[in-house]
Amino acid sequence: MTTPSSPATALRGGTRPLLLVVLAGQFMAILDATIVTVAAPSVRADLGASGAALQFVVAGYTVVYAVLLVTGARLGRMFGHRRLFLIGLALFTVASLACGLAGTTERLVAFRLFQGAGAALMVPQVLSLIQLAFAGAARARAVSAYTTVLAGGAVTGQVLGGVLTGADIAGSGWRPVFLVNVPIGLVLLVAAARLLPVDRLPADRARGARGLDLPGLLTLSSAVLLLVVPLTVGHEWGWPVECLLMLAGSAVFFGVFAVTQRTAAVPLLPRAVLRAPGAVPATMAVFLMMAGYAGFLFAMTLYFQGGLGLSPLAAGLAFVLPALGFGLVGLNWRRVPARYHHGLVPAALAVSAAGYAGVALVASGLGPAGPLYQLSATLAGAGMGAAYGPALHAALSRVAPRDAADASGLTATATQLGQAVGVAVLGGVYLAMAPSATSSGTAGAGAAVNLVAACLMLLAGLCAAFIPRR
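Dropping the structure here:
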């Protein structure tokens with residue numbers, strides 16, 4: 001039975017239209033996190049972007065996306081999930097148009113930040129609406145579909161980015177990877193306005209409006225920026241003392257953030273969510289998984305196109321196997337008997353680590369390029385697919401319904417922040433070892449980033465081992 005403020009009561013045609021619309025929005029946001037990755041070398045050639053600037057084009061989106069996600073979730077509770085979804089989608093669509101028309105690297109980076117802000121307003125509403133509209137087995141199936149959309153958006157972004165960049169439509173090069181979002185966004189705006197449930201603001205506010213933690217938002221944003229910026233530019237600047245001071249400042253701000261969250265009347269990360277059994281280790285596992293995956297995509301794009309001389313389309317197709325493994329296994333992890341769920345995440349991440357290690361062998365030239373890459377990349381993606389859904393479910397399933405928005409904001413923040421840090425770290429490793437597209441260090445750099453990704457999977461599995469049994 002639904003409450004008067006439940007989204008399900010206001011749906012036109014049941015819960016399926018809601019799921020389709022919100023997952024389409026999620027798909028669009030994930031698409032844009034990856035579609036630019038394959039286009040990065042084309043951006044570099046057209047705008048004269050440095051390696052660090054390329055990392056900002058990719059990671060700038062996810063940094064803003066990450067630091068504003070929890071605030072986006074809170075705003076959804078205060079002003080309505082439908083309203084925030086539509087506002088975020090509109091901002092995302094306009095920013096996509098601006099990115100496609102950008103004439104300089106600086107403008108492209110700036111407009112990517114606005115894209116990230118739009119995604120941060122839109123995406124938290126997705127899991128919030130799923131949490132509120134579904135329960136029990138139906139919720140688990142909806143979360144599995146959400147996991148599949150993550151992988152589907154990733155693989156579509158890689159392939160579509162390669163197709164659009166390689167086609168060079170009317171000499172436009174990389175620009176269609178952003179402009180393609182405009183018609184999709186307009187269609188989705190019309191569909192969402194018609195199909196999403198009407199917000200019940202008085203009930204929502206009485207149940208969940210608790211204000212915004214501006215000090216928490218500022219300290220978290222400062223901590224993240226002071227972490228990502230030096231990791232991105234350090235290799236290019238030669239790691240001057242300024243970069244080391246920024247890293248130290250990041251640690252200080254993270255410490256201040258932790259202290260203020262304990263004492264704030266309205267914490268950015270509600271204590272009820274953090275105290276839920278398994279929430280913290282599951283969230284840490286999600287963060288580490290996505291860091292490895294996103295860093296792998298960015299660094300290996302540079303390797304495939306710069307080191308191996310593949311076309312943008314061929315480079316995009318090289319990521320199909322890991323993404324399909326992620327999506328197909330992620331959709332079916334619930335088929336594993338419940339008695340094995342507790343050990344599923346660590347075991348799956350060990351498989352993923354082995355897959356990345358196999359890709360490292362291929363990149364270094366020590367293994368057969370074709371069969372070993374295909375097998376290893378598939379294992380890397382499938383292992384993540386078997387781990388991500390259960391970890392996400394562990395973080396979300398033990399919180400009270402009234403905290404669903406904050407819990408979804410926390411896990412989405414971990415996902416996006418992991419991607420930003422992964423691009424900065426693994427991208428930094430690659431560019432430090434192979435600073436130019438044609439440098440001789442590409443083989444060693446490709447092997448190194450995969451070994452780092454493997455280590456991140458093992459660390460994620462260690463975190464997941466601390467998730468308590470149900």
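The UniProt record's numbering puts the sequence shown at residues 1 to 470. Here a beta-carbon is modelled for each residue, glycine too, at the ideal position from N, C-alpha and C.
- At a Cβ-Cβ threshold of 8 Å, Pro312 and Ala39 count as neighbours.
- With a cut-off of 8 Å on Cβ pairs, the region 447-456 is not in contact with the region 81-93, counting fewer than three such pairs.
- For the set Ala29, Arg44 and Leu18, the Cα lying nearest the Cα of Thr301 is the one of Arg44.
- With contacts defined as CB atoms closer than 8 Å, Leu458 and Ala353 qualify as a contacting pair.
- By the neighbour-count definition (other C-beta atoms within 10 Å, threshold 16), Thr37 is a buried residue.
- When the beta-carbon positions are compared, Leu344 and Pro390 come within less than 8 Å of each other.
- Between the region 460-468 and the region 273-293, the count of C-beta pairs closer than 8 Å reaches three or more; the two stretches touch.
- Counting C-beta pairs closer than 8 Å gives fewer than three between the region 243-255 and the region 370-386, which falls short of the contact rule.
- Under the 8 Å Cβ criterion, the region 392-412 counts as touching the region 109-127, having at least three qualifying pairs.
- By the neighbour-count criterion, in which 16 or more other beta carbons inside 10 Å mark a residue as buried, Tyr340 falls on the exposed side.
- Three or more beta-carbon pairs separated by less than 8 Å are not found between the region 183-192 and the region 218-238, which leaves the two stretches without contact.
- Taking every protein chain shown into account, the CB of Ile169 has fewer than 16 other CB atoms within 10 angstroms, so this residue is exposed.
- Excluding its 5 nearest sequence neighbours in each direction, Gln419 has C-beta neighbours in its own chain below 6 Å: Thr62, Met290 and Ala294, listed in chain order.
- Contact annotation: Gly316 and Gln158 have beta-carbon atoms nearer than 8 Å.
- Residues Ala223, Leu226 and Leu227 of the same chain have their beta carbon placed closer than 6 Å to that of Ser250, with the five preceding and five following residues left out of the count.
- Using a Cβ distance threshold of 8 Å, Leu189 and Leu89 count as a contacting pair.
- A straight line joining the alpha-carbon of Ile35 with that of Ala24 spans about 16 Å.
- Annotation: Trp174 to Ser42 spans about 6 Å, alpha carbon to alpha carbon.
- Between the alpha carbons of Phe111 and Gly51 lies a distance of about 18 Å.
- A distance below 7 Å between beta-carbons, with the five flanking residues on each side excluded, links Trp237 to the following residues of its chain, in chain order: Cys243.
- At least 8 Å separates the beta-carbon of Thr156 from that of Leu324.
- Annotated three-state conformation of Pro270 is coil, per DSSP.
- Collapsing the DSSP output to three states places Phe134 in coil.
- Here the alpha carbons of Cys99 and Arg107 stand approximately 8 Å from one another.
- Under the criterion of beta carbons closer than 8 Å, Phe298 and Leu426 qualify as touching, at roughly 7 Å.
- Boundaries of the alpha helix (DSSP H) harbouring Thr34: Thr15 to Leu47, taken from the DSSP string.
- For Ile169, the secondary structure class from DSSP, reduced to helix, strand or coil, is helix.
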